[in-house]
DNA sequence: TCGAGGATGACGAATAGA
DNA sequence: TCTATTCGTCATCCTCGA
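Residue numbers (my numbering): 178 to 786.
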């Protein structure tokens, strides 16, 4: 692999070497808007907001579809028909795409599809039953070269399309290479509420079952290579770029659900606990070795979420770990990765593992009836001053220990908001720098640079626990003695980068994708303060990382050694009372961009080898 | 005085485990 | 059945600078 030649010992490095310029030029050509700051490059989707070294060729409205992979001709046509209405234009573009991909299967004129429907008794019966159903699922189009990713949009059966919902579903299944008969059977078996991914799941499962049936004649077995993609995953994963926005997530039955949270939650092992006796670790052959990937999200997600994540990430078993075994705060997270698990080592010095070790000044004021030794999960919001005042008034009425009822109330609030004792009868939320310390970040990592206190809590609450992640990533140190090229998705405040740096793994090239400008500034500032000698390239939107863009980045670096990231948990987190919609939620559906990008990286790199 | 941005506080349910 | 926990959201209020 072509690593960045910049030596760690060379202090006189020239950031404008031909290599650096080549990288910058390459990225320039694939981004809609760029700024450069020495070795730091920013690729932004906001083409109108800032100057660009590349002429902005089309309006932002058009550009959003260009990024998705549609041609400007088709976009123009769609706009002409629908005006500048994003949903209608996207709907039209998807219809164009579907029709273009299989012109012989256009339902209105197709001699193949329609006869098939009408001649299939079972489907006809089904079709009559659900004729009035409105198709409210997102759909997507697939192309081997272009990634089309209408995340968060609905594919409605409106005037812009002449196809019924059922016909569209069948057409998409046909475009994906599934026989019409199987598509119609799946639609019947899965029911009228079934989404396209569910139908694909059903077909894949049926094909796999038939392929592995020893009693079935070979000539009627489906070809496995048509079912599995290059990496052992189901073919449909490539198609699962966008997701429907369903009002009610599909319930996973007890039979379907396979993932259980381990107890104790120590994954494949932690430094401070005995190694679990039965560690089952199966990696599909195609996932072994680089590029390594590391995906993170909340462990306590709605039922079935981790089953879905596992299904889309090569059926690898996730590793659930509570950061309480690494620090003084709990953080129950699932990590799904293809890293080796032997010879891990922790970061030194080992972080404090109790509240009193982490916050020694609090010990003096800590009442004996508050038996906490660990903090709960650090979240994005903190307790209010009003609440701490209420607690003070409740406790100071009593010279001695307050009655049990008061103790119970105070403890409930302290646990809920992670309040700590900072004076006689006085509790307070953690300061941002204390949160930084508990999560393994350097002091003042998020301080200054224009970020508000509220946003610091938010960014920290959304980040990795560095010691936990570093323990998992530690196996990379021996594998990449010359440094590593990292694609960091949903980087946040750079937890992955900080972990690698603290492990002593040199960061040669880091492509970091992060929506929040404040977070990008934090990572850039950390990059500069730690005198990183590699290249940091920032993107502000995962959807900018098209296959074409990834091809160019990989061509420049020689490939990514690591794809790391935790997609948004907003719609998975238990604290969300408003929109806990699962992986189909507005933000959390970006998980499928992680899958798409990882698939693309693996695919491109397999061709480069 | 006004607007922008930060701070505050009210808002349960899903899930696991005892 | 009960208890404990949870990388959150959003309307409103407050602060500050022009």
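Built from N, CA and C at the ideal position, the CB exists for glycine as well.
Using the beta-carbon count (16 or more within 10 Å), is residue i buried or exposed?
i, result
"residue 511", "buried"
"residue 465", "exposed"
"residue 774", "buried"
"residue 600", "exposed"
"residue 562", "exposed"
"residue 720", "buried"
"residue 786", "exposed"
"residue 506", "buried"
"residue 678", "buried"
"residue 424", "Only weak support is given to the placement of residue 424: the predicted model assigns it a pLDDT of 32, under 50, and the value that follows is read from those uncertain coordinates. When all chains shown are included, residue 424 counts as exposed."
"residue 580", "exposed"
"residue 522", "exposed"
"residue 293", "At residue 293, the pLDDT of 26 sits below 50, so the modelled position is not reliable and the matter cannot be decided from this model."
"residue 258", "exposed"
"residue 613", "buried"
"residue 708", "exposed"
"residue 515", "buried"
Would the beta-carbon of residue i fall within 8 Å of that of residue j?
i, j, result
"residue 503", "residue 467", "no"
"residue 255", "residue 270", "yes"
"residue 552", "residue 568", "no"
"residue 495", "residue 443", "no"
"residue 633", "residue 661", "no"
"residue 609", "residue 653", "no"
"residue 618", "residue 643", "yes"
"residue 752", "residue 759", "no"
"residue 544", "residue 594", "no"
"residue 767", "residue 744", "yes"
"residue 685", "residue 711", "yes"
"residue 474", "residue 650", "no"
"residue 622", "residue 704", "no"
"residue 565", "residue 604", "yes"
"residue 640", "residue 681", "no"
"residue 499", "residue 509", "yes"
"residue 647", "residue 524", "yes"
"residue 472", "residue 460", "no"
"residue 659", "residue 692", "no"
"residue 698", "residue 742", "no"
"residue 578", "residue 546", "yes"
What residue range is occupied by the uninterrupted alpha helix (DSSP H) comprising residue i?
i, result
"residue 679", "672 to 679"
"residue 608", "Where residue 608 is concerned, there is no enclosing alpha helix (DSSP H), given that its DSSP letter is neither H nor E."
"residue 700", "694 to 706"
"residue 782", "768 to 785"
"residue 510", "No alpha helix (DSSP H) holds residue 510; the beta strand (DSSP E) holding it covers 509 to 514."
"residue 796", "For the chain, the structure presents residues 178 to 786; residue 796 sits outside this window and is missing."
"residue 732", "724 to 734"
"residue 755", "Here residue 755 belongs to no alpha helix (DSSP H), and DSSP marks it neither H nor E."
"residue 666", "Not the alpha helix (DSSP H): residue 666 falls in the beta strand (DSSP E), residues 661 to 666."
"residue 628", "No alpha helix (DSSP H) contains residue 628, which DSSP labels as neither H nor E."
"residue 646", "643 to 650"
"residue 741", "Unbroken run through residue 741 is the beta strand (DSSP E), 739 to 742; no alpha helix (DSSP H)."
"residue 750", "First-last for residue 750: undefined, no H or E at that position."
Locate the beta strand (DSSP E) running through residue i, then write down its first and last residues.
i, result
"residue 760", "Element bounds for residue 760: n/a, residue is neither H nor E."
"residue 716", "712 to 716"
"residue 639", "Segment: none, residue 639 is in no beta strand (DSSP E) and carries neither H nor E."
"residue 252", "Where residue 252 is concerned, there is no enclosing beta strand (DSSP E), although the alpha helix (DSSP H) it sits in stretches over 249 to 259."
"residue 690", "684 to 690"
"residue 552", "Per DSSP, residue 552 belongs to no beta strand (DSSP E) and is neither H nor E."
3 or more residues per run - each beta strand (DSSP E) lying fully within the segment 569 to 600: Listed in chain order, they are 597 to 600.
message: Three or more C-beta pairs under 8 Å: does that hold for the segment 469 to 485 against the segment 532 to 547?
response: By the C-beta criterion, the segment 469 to 485 is judged not to be in contact with the segment 532 to 547, since fewer than 3 inter-stretch pairs fall below 8 Å.
task: Please determine if the segment 775 to 786 and the segment 733 to 751 are in contact, where contact requires at least 3 C-beta pairs separated by less than 8 Å.
output: Between the segment 775 to 786 and the segment 733 to 751 there are three or more C-beta pairs closer than 8 Å, enough to call the two in contact.
Beta strand (DSSP E) runs wholly inside the segment 438 to 493, at least 3 long, in chain order: Within the segment 438 to 493, the complete beta strand (DSSP E) runs of at least 3 residues are 469 to 475.
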